[in-house]
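Q: Numbering (the numbering used here) for the sequence shown: 410 to 784.
Mind having a look at this structure? Questions to follow.
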Amino acid sequence: MMIRVISPKNILRILAGLSILIFMSSCEPLATGFDDTEDATMYQASSLRQAPQPDSAILVMTWNIRFAIGRSPWFGDACGNNTVFTKEEVMPHLDSIVQAINMTKPDILMLQECDVASQRTAYINDLQYIIDNTYFNYAAYVPEWKAQYIPSDGLGRMDMGQVILSRWSIRDSKRINLVTRGDQSGLVNYFYLHSCIITGKIKIPGFEEFSVLNIHASAFATDDTKKKHYEEFKSMLDKIDAEGGYFLAGGDLNELPPGSDSTDYCFEDMCPGESFHQPGDDPQHKDGSNYTPEITWLQPLYDDYVCAVPLDRYQHNQQAYFTHTTRPGHFWDRTLDYLFTNYRWVENSDITHQYLLKYSDHAPVSAMFVLKKEN
Numbered sequence: 410m411m412i413r414v415i416s417p418k419n420i421l422r423i424l425a426g427l428s429i430l431i432f433m434s435s436c437e438p439l440a441t442g443f444d445d446t447e448d449a450t451m452y453q454a455s456s457l458r459q460a461p462q463p464d465s466a467i468l469v470m471t472w473n474i475r476f477a478i479g480r481s482p483w484f485g486d487a488c489g490n491n492t493v494f495t496k497e498e499v500m501p502h503l504d505s506i507v508q509a510i511n512m513t514k515p516d517i518l519m520l521q522e523c524d525v526a527s528q529r530t531a532y533i534n535d536l537q538y539i540i541d542n543t544y545f546n547y548a549a550y551v552p553e554w555k556a557q558y559i560p561s562d563g564l565g566r567m568d569m570g571q572v573i574l575s576r577w578s579i580r581d582s583k584r585i586n587l588v589t590r591g592d593q594s595g596l597v598n599y600f601y602l603h604s605c606i607i608t609g610k611i612k613i614p615g616f617e618e619f620s621v622l623n624i625h626a627s628a629f630a631t632d633d634t635k636k637k638h639y640e641e642f643k644s645m646l647d648k649i650d651a652e653g654g655y656f657l658a659g660g661d662l663n664e665l666p667p668g669s670d671s672t673d674y675c676f677e678d679m680c681p682g683e684s685f686h687q688p689g690d691d692p693q694h695k696d697g698s699n700y701t702p703e704i705t706w707l708q709p710l711y712d713d714y715v716c717a718v719p720l721d722r723y724q725h726n727q728q729a730y731f732t733h734t735t736r737p738g739h740f741w742d743r744t745l746d747y748l749f750t751n752y753r754w755v756e757n758s759d760i761t762h763q764y765l766l767k768y769s770d771h772a773p774v775s776a777m778f779v780l781k782k783e784n
């Protein structure tokens, strides 16, 4: 999932903050604008480790790490009051993430909500720490939310984004900008996050090169923005497929699988003092919690490509594949995280890591991705 950050009630506070910033001397824009396509920032371990030589498949995983604050109450997504965390508060959670990675040992890892220089997480570079304390050799990073200063709720500086981590080198890694939400004012959009896809290509000796695509779709859009994000994502997959390539794709889609038994989570996500579904409530539904009108939006992905968790298996035992909850202290209550390919998964190799309940508000999903041997 992703946070809702700047509500209309905060507009006056934003304007007040902007008036203060007139006296600041920086020539940089407050918030970063993005081109349609930009190069990713590349990382490399200070000491490269010997990458294994796979026989026929590798372990891949996707994980929204919630900027390394675990299940701590936060103002934007868990009915909390905290906005900024200290280094002493962040580091135990970041260490837990590193521990989980080293325990599961994915060969390729796609992360969402990774902070690299944000005031809210004491300016810790989550990605650099993960590289330094795991076995990965290479990483690519693109920002989804970047600003010198966000004049709302004490957020300040922000640099959060998506990551591809790999044992093998990554080439041609790009940031693909997704359509901006159409249900927000221009001022709110200026400071708000900008959803995107990070792409890259990986070549393992003895096997054909494949593409990696990691998406973090909008969570709280109330118009058709999310649908457009899925269409843009699928269009990229279709292009790779039509050109004879193959891909590993996934991420936090912020959407339920078709056929889900529960599609409205307004009550589960409701904070103290809020009311929904009652006469006179405006809005009737909590933003990002009612998936009912959207329940078929992922069907084209399932129709054309292979999900690591087959749809019929999910529909038969949905709770076993839940990956998200907004409520600290509660078990997972919905599925938002996915892995897809146009090739093959090792049958029944998928794991929804629900036991990592305290590490984030999302559970990682992993599976064995079958490689194509070179001719």
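For glycine and all other residues, C-beta sits at the position ideal for the given N, C-alpha and C.
The model shown is predicted, which means the values in this text are computed figures rather than measured ones.
I'd like to confirm the pairing. Which residues does DSSP put opposite residue 754 in its beta bridges?
A: Paired residues: 778.
Q: What does the alpha-carbon distance come out to for the pair residue 494 and residue 766?
A: Each residue's alpha carbon lies about 20 Å from the other.
Q: Have a look at residue 455 and residue 544 and give me their C-alpha separation to the nearest angstrom.
A: Rounded to the nearest angstrom, the two C-alpha atoms are 11 Å apart.
Q: CB residue 520 to CB residue 623, shorter than 9 Å?
A: Their beta carbons are under 9 Å apart, which means residue 520 touches residue 623 by this criterion.
Q: Can you find the residues in the same chain that come closer than 7 Å, C-beta to C-beta, to residue 604, ignoring five residues on each side of it along the sequence?
A: Within the same chain, residue 604 has close Cβ partners 553, 587, 625, 626, 627, 638.
Q: Let's see if you can read the secondary structure: which residues bound the alpha helix (DSSP H) around residue 637?
A: Counting along the chain, the alpha helix (DSSP H) containing residue 637 begins and ends at 634-651.
Q: According to DSSP, simplified to helix, strand and coil, what is residue 496?
A: In the structure shown, residue 496 sits in a helix (DSSP, three-state: H, G or I).
Q: Spell out the partners DSSP gives residue 546 in its beta bridges.
A: Residue 546 pairs with nothing; no bridge assigned.
Q: Restricting to runs no shorter than 4 residues, where is the alpha helix (DSSP H) found entirely within the segment 643-710?
A: Complete alpha helix (DSSP H) runs here, min 4: 675-678.
Q: Are at least three pairs of beta-carbons, each pair with one atom in the segment 756-776 and one in the segment 716-725, less than 8 Å apart?
A: Yes, since at least three Cβ pairs between the segment 756-776 and the segment 716-725 fall closer than 8 Å, the two stretches touch.
Q: For residue 572, report the span of its beta strand (DSSP E) as first-last.
A: 565-575 is the extent of the beta strand (DSSP E) around residue 572.
Q: Contact between the segment 439-457 and the segment 468-488 is defined here as three or more beta-carbon pairs at a separation below 8 Å; is this criterion met?
A: No contact exists between the segment 439-457 and the segment 468-488.
Q: Please say whether residue 470 and residue 872 have beta carbons closer to each other than 9 Å?
A: Since the first residue of the chain shown is 410 and the last is 784, residue 872 is not available in this structure.
Q: Closer than 9 Å, CB to CB, is residue 450 near chain D or not?
A: Reference to chain D is not applicable here, since this structure consists of a single protein chain.
Q: Which residues does DSSP list as the beta-bridge partners of residue 452?
A: 548, per the DSSP bridge assignment.
Q: Using the C-alpha atoms, what's the distance from residue 711 back to residue 705?
A: Approximately 10 Å between the Cα atoms of the pair.
Q: What is the DSSP secondary structure of residue 616, counted as helix, strand or coil?
A: Of the three classes helix, strand and coil, the one that applies to residue 616 here is strand, per DSSP.
Q: Alpha helix (DSSP H) containing residue 598: first to last residue?
A: Here the alpha helix (DSSP H) through residue 598 covers 595-600.
Q: Does at least one heavy atom of the ligand ATP sit under 8 Å from the Cβ of residue 600?
A: Ligands in the displayed structure: none, and consequently the ligand ATP is not present.
Q: Work out the CA separation of residue 557 and residue 433 for me, nearest whole Å.
A: Bear in mind that the predicted position of residue 433 carries a pLDDT of just 45, short of 50, making it unreliable; the figure below should be weighed with that in mind. Using only the alpha carbons, I get a separation of about 12 Å.
Q: Cα-Cα, which of 440, 505, 526, 574 is closest to residue 460?
A: Of 440, 505, 526, 574, the residue nearest in Cα terms is 574.
Q: Could you pull the start and end residues of the beta strand (DSSP E) that residue 521 belongs to?
A: Element bounds for residue 521: 517-524.
Q: Quick one: what does DSSP say residue 462 is sitting in, helix, strand or coil?
A: Coil.
Q: When the distance is taken between beta carbons, is residue 582 closer than 9 Å to residue 609?
A: Cβ atoms of residue 609 and residue 582: closer than 9 Å.
Q: In terms of alpha-carbon separation, which member of 631, 678, 713, 681 lies closest to residue 642?
A: Nearest of 631, 678, 713, 681 to residue 642, Cα basis: 713.
Q: Does the beta-carbon distance from residue 479 to residue 529 come in below 9 Å?
A: Contact flag unset, no.
Q: Count the other CB atoms, across all protein chains shown, that sit within 10 Å of the CB of residue 546; report buried if there are 16 or more and exposed otherwise.
A: Buried, because 16 or more other Cβ atoms sit within 10 Å of the Cβ of residue 546.
Q: Could you name the residues of the same chain whose beta carbon sits closer than 6 Å to that of residue 516, not counting the 5 residues immediately before and after it, in chain order?
A: The residues are 467, 468, 576.
Q: Can you have a look at residue 504 and say buried or exposed, based on whether 16 or more other CB atoms are within 10 angstroms of its CB?
A: Exposed, since its Cβ has fewer than 16 Cβ neighbours within 10 Å.
Q: At the level of alpha carbons, what is the spacing between residue 703 and residue 448?
A: In a straight line, the C-alpha of residue 703 is about 32 Å away from that of residue 448.
Q: Which partner residues does residue 584 have in the DSSP bridge list?
A: Paired residues: 447, 607.
Q: Check whether the Cβ atoms of residue 607 and residue 572 lie closer than 9 Å to each other.
A: Yes, Cβ-Cβ distance for residue 607 and residue 572 is below 9 Å.
Q: Name the two residues that bound the continuous alpha helix (DSSP H) containing residue 725.
A: It spans 720-725 - the alpha helix (DSSP H) in which residue 725 sits, taken as one unbroken run.
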